[in-house]
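A.B. asks: According to full-length UniProt numbering, the sequence shown is numbered sequentially starting from 1. Even glycine gets a Cβ: it sits at the ideal position worked out from N, Cα and C. Since the model is a prediction, treat every value here as computed from it, not as a measurement. Please read through the structure below; I'll follow up with questions.
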Amino acid sequence: MSGIADKISNLVGGQQKPTVDPSTETFVGSIDQGTTSTRFLIFDTKGEPVAIHQEEFKQIYPNPGWHEHDPEEIVQSVENCIEGALKQFEKDGHSRESIKTIGITNQRETTVCWDNKTGESLYNGIVWTDTRTAALARELKARPNSDKTEVCGLPISTYPSVTKLLWMLRNVEKVKKAYDAGTLAFGTIDAWLIYKLNGGPAKNIFITECTNASRTMFMDIRSMEYSDEMLDFFSYEFDMRKVHLPKIVRSADTEHFGKLETGSLKGWPITGCLGDQSAALVGQKGFDPGAAKNTYGTGCFLLYNVGDKPVISKHGLLATIAYNFDGKPIYALEGSIAVAGSGVKFLMHNLGFEQQSHKITELAETVKDNGGLVFVTAFSGLFAPYWIDDAHGTMFGITHHTERGHIARATLEAVCFQTKAILDAMEKDSGHKLAELKVDGGMSNSALCMQTQADLVGIPIIRPKMRETTALGAAIAAGFASGVWKDFGELKEVNTAGQTSFEPKMEEKESKRMFKRWEKAVSMSKGWIAEDQAEQGREEDSKATLESAKKDEEAAAKI
Ligand SMILES: Nc1ncnc2c1ncn2[C@@H]1O[C@H](COP(=O)(O)OP(=O)(O)O)[C@@H](O)[C@H]1O
Ligand SMILES: O=P(O)(O)OC[C@H](O)CO
């Protein structure tokens, strides 16, 4: 159970509350489908969550560098969370009729392929962190005119959805068959959820929201439509126009997202959707150009609002859609870090350090500094601003003095160093220095991590009391579409009370020295996948897929 869930259940104290007249109350539901867990929250109009249910789901790592989710399990987790939160909500005396609308926010880039006749997924979802496409990304980069950042805002890497789709077309028999039959549907998690929650093929609501679509590499970030140039570029082996791509719609919309077709909220409308990092920017009310937020979840993502025109980075950042409520898109510069909380989980699950995340912070507090240890947590290569896909996780500076506390501390510091590198790049791209940085996400619970962050970037780090900002952002999008809130002014009081400010305390000389060591470690973490290994990787991809297909067939034969 998350901190906020603890808080709510403490407030509720297990007691039955008197029933409140639904006509005097207004709430907005929010589905938050993250990388490691799903949540459903119900917010009041002051942006306070009054009910939450959270469920973790399976992380599947079939081979080194591979990371998958079961798409059906994800849908089930959403349905379970809705039921769980609603039960709590009604136990507290509220009526489901007072929930006006529902928003969705989700992990981005993770790619699902399904058959649009049966509505069944054809393979596990390939998660945004997955690096099996490193060789494929290199192959794409080597093609003529492969720098498409001007069009879609993203560099070619293992990260965007397109490489995951191409991999499935090459390696997954069922996906290839659906492609040949003309029934192959592709989508990110928003599209998959909207399709399934609306009842799948019966209704065939096949749409994607624009902040999510901007992570596929198929969308022109200016026109907000699929780009012919991008579709042509990726159509050298398979024709991208033969794959069904969902229609791109705005983030706040009363016409296209449909409604829930099952469960206790059957019939409730969905009127908002945002990729999770865009949602966090909205939840932090980063509506003005120059506003920024950094979300420390499974990964860590810094979004900087650049206003109504995209800024194409020259320093390793991404251009992305921040949100589009009314047909006038707002853009952001983004610095994406692949490993943040997942580094903490790695220490817990792979190295057996502790069993709870906050204990990793406590372990890090047992030492006064990193003891000279630097941990480049490049488990998925290194994302922004470096984009080194052949980097692997590497620890430098180990001596007889090194203990577990140093490793825990270096794990927390890794995300702070990368954030510093991203802020430096952002300053170069935008010509502005941030005055403060707003933060949220699970790992921002770690005061040690946030203090280290302030020390390394030299500006105050502002952490709100209510840190479910991602879910709040989706609720805001849905609430705007359906008239719960009418303008940004009405959100002035939302989530402002009780924030914590971490002020920089470290001497600049020391923070510079630490950062220099980090940069040295980054340069030494490169080149861990040699060309021949990359090729071998491709052969192994095919072998592994054949094996998994064989297992599927054997399982099917047993039924
Ligand atoms: N006190 C803490 N110290 C360090 N890491 C933490 C702490 N609390 C939570 N985390 C980390 O935060 C991550 C979960 O954050 P969350 O925002 O829920 O992620 P997501 O939305 O990606 O699923 C986990 O990886 C967890 O290990
Ligand atoms: O699950 P998170 O919060 O780390 O976010 C995942 C991102 O959307 C991936 O781009």
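Any idea what DSSP makes of G3, helix, strand or coil?
C.D. replies: Position 3 of the sequence shown, counted from the first residue, corresponds to residue 3. Its pLDDT being 41, under 50, G3 is placed unreliably by the model, and nothing is read from it.
A.B. asks: Does the Cβ of Q536 have 16 or more other Cβ atoms within 10 Å, making it buried, or fewer, making it exposed?
C.D. replies: Taking the sequence shown and counting its residues from 1, one reaches residue 536 at position 536. Caution is warranted here: a pLDDT of 49 is assigned to Q536, below 50, making its placement in the model unreliable, and the coordinate value is therefore given only provisionally. With fewer than 16 Cβ atoms within 10 Å of its Cβ, Q536 is classed as exposed.
A.B. asks: Touching or not, the stretch 63–74 and the stretch 211–231, by the rule of three or more beta carbon pairs under 8 Å?
C.D. replies: Contact fails: fewer than three Cβ-Cβ distances are below 8 Å.
A.B. asks: Taking the beta carbon of S342 as the centre, do at least 16 other beta carbons fall within 10 Å, making it buried, or is it exposed?
C.D. replies: For the purposes of this step, residue 342 is identified with residue 342 of the sequence shown, where counting begins at 1. S342 comes out buried.
A.B. asks: Does the distance between the C-beta of E73 and the nearest non-hydrogen atom of ligand 2 fall short of 7 Å?
C.D. replies: Counting from 1 along the sequence shown, the entry for residue 73 is found at position 73. E73 Cβ: outside cutoff for every heavy atom of ligand 2.
A.B. asks: So, with DSSP's three-state summary, where would you put T183?
C.D. replies: Locating residue 183 in the sequence shown gives position 183, counting from the first residue. The answer is coil: DSSP assigns T183 none of H, G, I, E or B.
A.B. asks: Are there any heavy atoms of ligand 2 lying less than 7 Å away from the beta-carbon of T183, as far as the coordinates show?
C.D. replies: The residue given as residue 183 occupies position 183 in the sequence shown. Not so, every heavy atom of ligand 2 lies at least 7 Å from the Cβ.
A.B. asks: Any heavy atom of ligand 2 closer than 7 Å to the beta-carbon of S30?
C.D. replies: The residue labelled residue 30 in the question sits at position 30 within the sequence shown. No - ligand 2 has no heavy atom lying nearer than 7 Å to the Cβ of S30.
A.B. asks: Assuming the contact rule is C-beta atoms closer than 8 Å, V374 and W518 should be a hit. Round their C-beta distance to whole Å, please.
C.D. replies: Here the question's residue 374 lines up with position 374 in the sequence shown. Here the question's residue 518 lines up with position 518 in the sequence shown. Contact flag correct, Cβ pair sits at about 6 Å.
A.B. asks: May I ask you to list the residues that DSSP assigns as paired with V28?
C.D. replies: By one-based count along the sequence shown, residue 28 stands at place 28. Answer is F43, T101, bridged to V28.
A.B. asks: With a CB to CB cut of under 6 Å and the five nearest residues on each side skipped, what residues in its chain are close to Q418?
C.D. replies: Position 418 of the sequence shown holds residue 418. Closer than 6 Å at the Cβ level, and outside the excluded window around Q418, lie I337.
A.B. asks: Can you give the Cα-Cα distance for G442 and Y236, rounded to whole angstroms?
C.D. replies: Numbered from its first residue, the sequence shown carries residue 442 at position 442. Numbered from its first residue, the sequence shown carries residue 236 at position 236. Their backbone Cα atoms lie some 41 Å apart in a straight line.
A.B. asks: Nearest-angstrom Cα distance between H94 and M524?
C.D. replies: If you number the sequence shown from 1, residue 94 lands on position 94. If you number the sequence shown from 1, residue 524 lands on position 524. Whole-angstrom Cα-Cα distance: 57 Å.
A.B. asks: Starting from M466, trace the beta strand (DSSP E) in both directions and tell me its first and last residue.
C.D. replies: Within the sequence shown, residue 466 is the residue found at index 466, counting from 1. Unbroken run through M466: none, as it is neither H nor E.
A.B. asks: With a 10 Å radius around its C-beta and 16 neighbouring C-beta atoms as the bar for buried, classify D532 as buried or exposed.
C.D. replies: Looking up residue 532 in the sequence shown gives position 532. Any reading at D532 needs caution, since the residue's pLDDT is 48, under 50, leaving its predicted position unreliable; the model's value is listed next. D532 is exposed by the Cβ-count criterion.
A.B. asks: How far does the beta strand (DSSP E) with I337 in it extend, from its first residue to its last?
C.D. replies: Position 337 of the sequence shown, counted from the start, is the residue given in the question as residue 337. Note, I337: beta strand (DSSP E), 330–337.
A.B. asks: Only counting runs of 3 or more residues, tell me where the beta strand (DSSP E) segments fall wholly within the stretch 213–276, in order along the chain.
C.D. replies: Runs found: 247–249, 270–275.
A.B. asks: Which one or two residues does DSSP pair with S501 in a beta bridge?
C.D. replies: As a working note, residue 501 is residue 501 in the sequence shown. According to DSSP, S501 bridges with I462.
A.B. asks: Does the distance between the C-beta of G283 and the nearest non-hydrogen atom of ligand 1 fall short of 7 Å?
C.D. replies: Here the question's residue 283 lines up with position 283 in the sequence shown. It does not: the Cβ of G283 is nowhere closer than 7 Å to a heavy atom of ligand 1.
A.B. asks: Would you list the residues whose beta-carbon is nearer than 6 Å to any heavy atom of ligand 1, in the order they occur in the chain?
C.D. replies: Spelled out in chain order, the answer is G34, T35, T36, S37, G297, T298, G341, S342, V344, K345, S357, H358, I360, T361, G441, G442, M443, N445, S446.
A.B. asks: Please classify T496 as buried or exposed, where buried requires at least 16 other C-beta atoms within 10 Å of its C-beta.
C.D. replies: Mapped onto the sequence shown, residue 496 falls at position 496. Exposed.
A.B. asks: State the start and end residues of the unbroken beta strand (DSSP E) segment that holds G307.
C.D. replies: Against the sequence shown, residue 307 aligns to sequence position 307. 300–307 is the extent of the beta strand (DSSP E) around G307.
A.B. asks: Mind listing, in chain order, the continuous alpha helix (DSSP H) runs of no fewer than 4 residues lying wholly within the stretch 333–405?
C.D. replies: The stretch 333–405 contains these whole alpha helix (DSSP H) runs: 341–345, 357–364.
A.B. asks: Bridge partners for Q453 per DSSP, in chain order?
C.D. replies: Counting from one through the sequence shown, the residue named residue 453 turns up at place 453. Paired residues: none, contrary to the question.
A.B. asks: Select from H244, G393, E468 the residue whose C-alpha is nearest the C-alpha of V376.
C.D. replies: The residue labelled residue 376 in the question sits at position 376 within the sequence shown. When only C-alpha atoms are compared, the closest one is G393.
A.B. asks: Measuring CB to CB, does V162 end up less than 8 Å from M219?
C.D. replies: Along the sequence shown, one-based indexing puts residue 162 at 162. Along the sequence shown, one-based indexing puts residue 219 at 219. Cβ distance not < 8 Å, so V162 and M219 don't count as in contact.
A.B. asks: For Q499, does the count of other Cβ atoms within 10 angstroms reach 16, so buried, or fall short, so exposed?
C.D. replies: As a working mapping, residue 499 is identified with position 499 in the sequence shown. By the neighbour-count rule (16 or more Cβ atoms within 10 Å), Q499 is not buried but exposed.
A.B. asks: Kindly indicate which residue of F346, R513, S214 has the alpha-carbon position closest to the one of Y159.
C.D. replies: Stepping through the sequence shown from its first residue, residue 159 is reached at position 159. Here the closest residue by C-alpha is S214.
A.B. asks: Are the Cβ atoms of L193 and E261 separated by less than 8 Å?
C.D. replies: Here residue 193 refers to the residue found at position 193 of the sequence shown. Here residue 261 refers to the residue found at position 261 of the sequence shown. In this structure, E261 does not lie closer than 8 Å to L193 by Cβ.
A.B. asks: Please classify I422: does DSSP put it in a helix, a strand, or coil?
C.D. replies: By 1-based counting over the sequence shown, the position of residue 422 is 422. Helix at I422.
A.B. asks: Between D190 and ligand 2, is the CB less than 7 Å from at least one heavy atom?
C.D. replies: Residue 190 sits at position 190 when you count from the first residue of the sequence shown. No.
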